[in-house]
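First residue of the sequence shown: 380, per our numbering; consecutive thereafter.
In what follows, a single structure is set out as structure tokens and then discussed.
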Amino acid sequence: KMKNVKALASFIILLAAPLLATACTRDRASTCATDLECAPGLCDLVTNTCTMTAGLDAGSDAHDADGMGTDALVDGLEGDAIGGCVASANCSGVRPVCADAICVACTSDEQCAAKASTPFCDVPSGACVACKAHSDCPEATPACLSGVCGLCNAQEAPAEACAARGAGKPACSAATGLCVECNSSNECAISSKPICASNACKACDADAECVAKLGAEPGVCMKHDDGRCAGLADAVFAENVAGKCMNTPQAGTVATPFCALQSAVDAAKSGNKAVVVLRGPAAVDRASYNGSGKLAVIGKAEALISGGAGPGFHVSGGDVYLRGITIEASRPGLQVTNGAKLFVEQATVINNPGGGVLADGGTLVVVNSLVSGNGPGFLGATAWGGLLLNAAGAGTRLERVSVLDNKAPGVSCSGSVAATGVLANGNSTTEIAPTCNFAPCGAAGPMCGAQF
Numbered sequence: 380k381m382k383n384v385k386a387l388a389s390f391i392i393l394l395a396a397p398l399l400a401t402a403c404t405r406d407r408a409s410t411c412a413t414d415l416e417c418a419p420g421l422c423d424l425v426t427n428t429c430t431m432t433a434g435l436d437a438g439s440d441a442h443d444a445d446g447m448g449t450d451a452l453v454d455g456l457e458g459d460a461i462g463g464c465v466a467s468a469n470c471s472g473v474r475p476v477c478a479d480a481i482c483v484a485c486t487s488d489e490q491c492a493a494k495a496s497t498p499f500c501d502v503p504s505g506a507c508v509a510c511k512a513h514s515d516c517p518e519a520t521p522a523c524l525s526g527v528c529g530l531c532n533a534q535e536a537p538a539e540a541c542a543a544r545g546a547g548k549p550a551c552s553a554a555t556g557l558c559v560e561c562n563s564s565n566e567c568a569i570s571s572k573p574i575c576a577s578n579a580c581k582a583c584d585a586d587a588e589c590v591a592k593l594g595a596e597p598g599v600c601m602k603h604d605d606g607r608c609a610g611l612a613d614a615v616f617a618e619n620v621a622g623k624c625m626n627t628p629q630a631g632t633v634a635t636p637f638c639a640l641q642s643a644v645d646a647a648k649s650g651n652k653a654v655v656v657l658r659g660p661a662a663v664d665r666a667s668y669n670g671s672g673k674l675a676v677i678g679k680a681e682a683l684i685s686g687g688a689g690p691g692f693h694v695s696g697g698d699v700y701l702r703g704i705t706i707e708a709s710r711p712g713l714q715v716t717n718g719a720k721l722f723v724e725q726a727t728v729i730n731n732p733g734g735g736v737l738a739d740g741g742t743l744v745v746v747n748s749l750v751s752g753n754g755p756g757f758l759g760a761t762a763w764g765g766l767l768l769n770a771a772g773a774g775t776r777l778e779r780v781s782v783l784d785n786k787a788p789g790v791s792c793s794g795s796v797a798a799t800g801v802l803a804n805g806n807s808t809t810e811i812a813p814t815c816n817f818a819p820c821g822a823a824g825p826m827c828g829a830q831f
């Protein structure tokens with residue numbers, strides 16, 4: 380009977396031995412797809428190999444002689460629980476949080492906050508990640524791509540990644556993968572910064588930029604004002620072409636312009652329009668402006684004013700910017716009075732028998748313009764030729780102006796005038812009157828005289 384009992388016991392031990400060995404071993408499969416294949420370790424789903432998180436008993440347990448005694452710690456680490464840990468720093472992957480000495484999935488951002496590189500919790504997977512939204516990422520890697528910050532030009536990056544950041548850089552640079560303000564002028568929506576240059580929106584500098592953005596008409600850059608590109612709704616058109624132009628209230632469009640410049644100026648004033656576009660080459664008669672606001676008169680296609688018995692353009696109120704126009708055969712060519720302001724740029728004031736440009740109690744700015752062959756004009760008994768600045772208003776200045784071959788003094792002044800780059804040659808009697816208190820520049824060049 381005792382022999383039967385011993386035989387039965389031996390048989391039970393033989394049956395239990397594989398189970399005991401399995402319970403105590405730390406041997407793991409060389410490859411894995413799930414944590415179960417690596418118990419009590421974890422499966423690294425990137426490398427598909429079994430791993431041990433820090434703090435686990437990484438060695439195989441030793442046993443007493445008969446295999447039934449208490450295990451001895453071979454590697455000196457306590458805790459044989461699956462996913463065991465001491466702190467969250469010991470945990471990673473889809474079980475990044477240490478709770479009750481066990482690595483578990485995260486359920487809130489607070490649990491991941493201490494992990495500097497992965498401070499957010501991706502609840503569906505339970506992993507701590509670098510980002511959940513594009514705004515979580517730094518400028519150097521602005522797009523959130525499945526929990527990792529990367530470049531916005533990555534294949535998997537959504538088109539709205541940069542716009543969603545809300546940092547004023549809604550476009551993605553295909554070249555750098557960084558978020559930028561713009562890639563083209565079409566992406567510049569602020570009216571005062573309509574042009575894209577070097578991935579940033581800026582004010583316009585030239586008409587050509589506005590033509591490229593909005594089309595040929597009116598094709599005007601308002602760099603003298605706020606840097607916007609003028610639109611069709613801002614403009615009135617004048618072009619003295621028989622059969623095309625009209626001087627009726629319905630005129631003033633591109634298709635049906637006004638024949639007379641004065642009609643266009645009056646329509647702009649009454650309609651609160653910012654720009655009159657004067658198209659040449661046919662000459663128009665003189666005009667004047669006496670408003671309270673601002674008006675730009677922009678010349679296209681060799682625009683020409685031939686004023687005859689009066690000033691080619693006379694400003695007696697408001698603020699007028701005149702660019703790209705030739706003024707001839709007038710008395711004088713240009714005139715500003717009564718405290719008004721006139722800014723002249725890239726203009727040609729030539730062969731006006733009443734003198735070139737007169738500022739008589741108004742503010743005058745002349746930039747990059749030619750004044751030639753004018754005069755003699757008279758203000759009382761004072762003869763003048765190119766420019767006469769009499770009691771000119773504050774802010775009056777001359778910059779890169781060519782004053783050539785006028786039939787009386789080139790520049791006459793009642794007092795000191797701010798001036799740089801004025802080229803004066805061939806003027807009768809005097810190049811620049813001493814009362815102007817500035818000297819002419821030397822040889823013609825980029826900063827001496829007109830260049831256009």
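For glycine and all other residues, C-beta sits at the position ideal for the given N, C-alpha and C.
Going by DSSP, Lys720 is part of the beta strand (DSSP E) stretching over 720-724.
A distance below 6 Å between beta-carbons, with the five flanking residues on each side excluded, links His693 to the following residues of its chain, in chain order: Ser667, Gln714.
Judged by DSSP in its simplified three-state form, Ala797 adopts strand.
Under the three-state reduction of DSSP, Glu810 is assigned to coil, being neither helix nor strand. Apart from sequence neighbours up to five positions away, the residues of its chain that approach Gly606 with a beta-carbon distance below 6 Å are Ser571, Ala582, Cys583, ordered along the chain. If the five residues before and after Pro660 are omitted, its C-beta is found closer than 7 Å to the C-beta atoms of Ala680, Glu681, Leu683, all from its own chain and listed in chain order. The DSSP-derived three-state label of Val736 is strand. Assignment of Arg544 by DSSP, reduced to helix, strand and coil, places it in the helix class. Membership of Cys491 in any beta strand (DSSP E) is not indicated; the residue belongs instead to the alpha helix (DSSP H) covering 488-491. Contact between Asp613 and Lys652 holds: their C-beta atoms lie close to 6 Å from each other, under 8 Å.
The straight-line gap separating the alpha-carbon atoms of Ala540 and Val527 is approximately 13 Å. DSSP, reduced to helix, strand and coil, places His603 outside both helices and strands of the structure shown, so it counts as coil. DSSP places Cys470 outside any beta strand (DSSP E), giving it a letter other than H or E. The beta carbon of Thr410 is closer than 6 Å to those of Asn427 in its chain, skipping five residues each way along the sequence. The beta carbon of Gly610 lies closer than 7 Å to those of Leu593 in the same chain, with the five residues before and after it left out. Per DSSP, reduced to three states, the secondary structure at Leu777 is strand. The shortest CA-to-CA distance from Ala803 to any of Asn816, Ser793, Asn785 is the one to Asn785. Restricting attention to Pro690, Leu777, Asn532, Ser748, the CA atom closest to the CA of Gly556 is found in Asn532. For Thr486, the closest C-alpha among the options Ser504, Ala495, Gly472 is that of Ser504. Fewer than three beta-carbon pairs drawn from the stretch 627-637 and the stretch 696-703 are found closer than 8 Å, and the two stretches are therefore not classed as touching. The distance from the Cβ of Arg779 to that of Met826 is about 7 Å, consistent with a contact at the 8 Å cut-off. Cα atoms of Leu766 and Asp739: separation of roughly 11 Å, rounded to the nearest angstrom. For Asp698, there is no enclosing alpha helix (DSSP H); the enclosing beta strand (DSSP E) covers residues 692-702.
The beta-bridge partner set that DSSP reports for Gln534 is empty.
Selection Pro819, Gln725, Phe499 evaluated against Gly805 yields Pro819 as nearest (Cα-Cα). Every alpha helix (DSSP H) of 4 residues or more that sits fully in the stretch 605-669 is shown, in chain order, as 640-649. Bounds of the alpha helix (DSSP H) holding Ala587 are 586-593. Ala829 is positioned such that its CB atom lies no closer than 8 Å to that of Ser709. Counting C-beta pairs with one atom in each stretch, the stretch 534-552 and the stretch 507-519 have three or more that are closer than 8 Å, which means they touch. Our two residues, Thr809 and Leu657, have alpha carbons roughly 35 Å apart in a direct line.
The three-state secondary structure of Ser791, taken from DSSP, is strand.
By the beta-carbon neighbour count (other beta carbons within 10 angstroms, threshold 16), Lys720 is buried. Within 10 angstroms of the beta-carbon of Ile704 lie 16 or more other beta-carbons, which makes it buried.
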